[in-house]
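Student:
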Amino acid sequence: LRHDWPGNVRALRHALERAVILARDTALELEDFALVSLAPRIAPAAVISPRANDDLNLERVERRLVEEALKKHGYNISLAAAELGLSRAALYRRMEKHGL
30 LRHDWPGNVR ALRHALERAV ILARDTALEL EDFALVSLAP RIAPAAVISP RANDDLNLER
90 VERRLVEEAL KKHGYNISLA AAELGLSRAA LYRRMEKHGL
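Here the sequence shown is numbered in the numbering used here, starting from 30 and rising by one per residue.
Shown next as structure tokens:
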């Protein structure tokens with residue numbers, strides 16, 4: 030994996046945590062990192078500073094992201110999956126995992 034890490038160790042950790050959350054399988058693949066493709070879709074402030082009362086537990090963060098994407102796109106699975114960088118099948122698996 031070659032990438033110009035513009036940040037520090039925290040940036041690398043964030044990228045790894047995000048890849049774990051969005052992984053389509055138990056093994057991480059290059060596309061799970063989506064280092065360039067997701068950058069324009071996410072506002073920098075949302076990535077850098079969480080809301081004051083946000084819970085940073087990965088399972089709860091994943092659930093919240095899935096819920097927000099579904100609501101934003103009127104529960105259109107294709108659009109929500111595309112926003113999250115997931116396949117439709119992967120989004121369905123995460124919905125089932127979180128009881129959504």
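Built from N, CA and C at the ideal position, the CB exists for glycine as well.
How is the alpha helix (DSSP H) around residue 135 delimited, first residue to last?
Tutor: Given that the chain is displayed from residue 30 to residue 129, the structure contains no residue 135 and the question cannot be resolved.
Student: Could you compute how far the alpha carbon of residue 48 sits from the alpha carbon of residue 57?
Tutor: On the sequence shown, position 19 is the one that residue 48 refers to. On the sequence shown, position 28 is the one that residue 57 refers to. Spanning the two alpha carbons is a distance of roughly 7 angstroms.
Student: Let me confirm a value: residue 109 is counted as buried when at least 16 other C-beta atoms fall within 10 Å, else exposed. Which label applies?
Tutor: Translated into positions along the sequence shown, residue 109 becomes position 80. Buried: at least 16 other Cβ atoms inside 10 Å.
Student: Determine, using beta carbons only, whether residue 124 comes closer than 7 angstroms to chain C.
Tutor: In the structure shown, chain C does not exist; there is a single protein chain.
Student: DSSP three-state call for residue 58: helix, strand or coil?
Tutor: To locate residue 58, count along the sequence shown from 1; it is residue 29. The answer is coil: DSSP assigns residue 58 none of H, G, I, E or B.
Student: Terminal residues of the continuous alpha helix (DSSP H) containing residue 52?
Tutor: In the sequence shown, residue 52 corresponds to position 23, counting from 1. Segment: none, residue 52 is in no alpha helix (DSSP H) and carries neither H nor E.
Student: Please classify residue 43: does DSSP put it in a helix, a strand, or coil?
Tutor: Numbered from 1 along the sequence shown, position 14 holds the residue referred to as residue 43. Note: residue 43 maps to helix in three-state DSSP.
Student: Taking only three categories from DSSP, how would you classify residue 129?
Tutor: What you label residue 129 is simply residue 100 of the sequence shown in a count that begins at 1. Correct three-state label for residue 129: coil.
Student: Where does residue 39 land, buried or exposed, given buried means 16+ other C-beta within 10 angstroms?
Tutor: Within the sequence shown, residue 39 is the residue found at index 10, counting from 1. By the 10 Å Cβ count, residue 39 comes out exposed.
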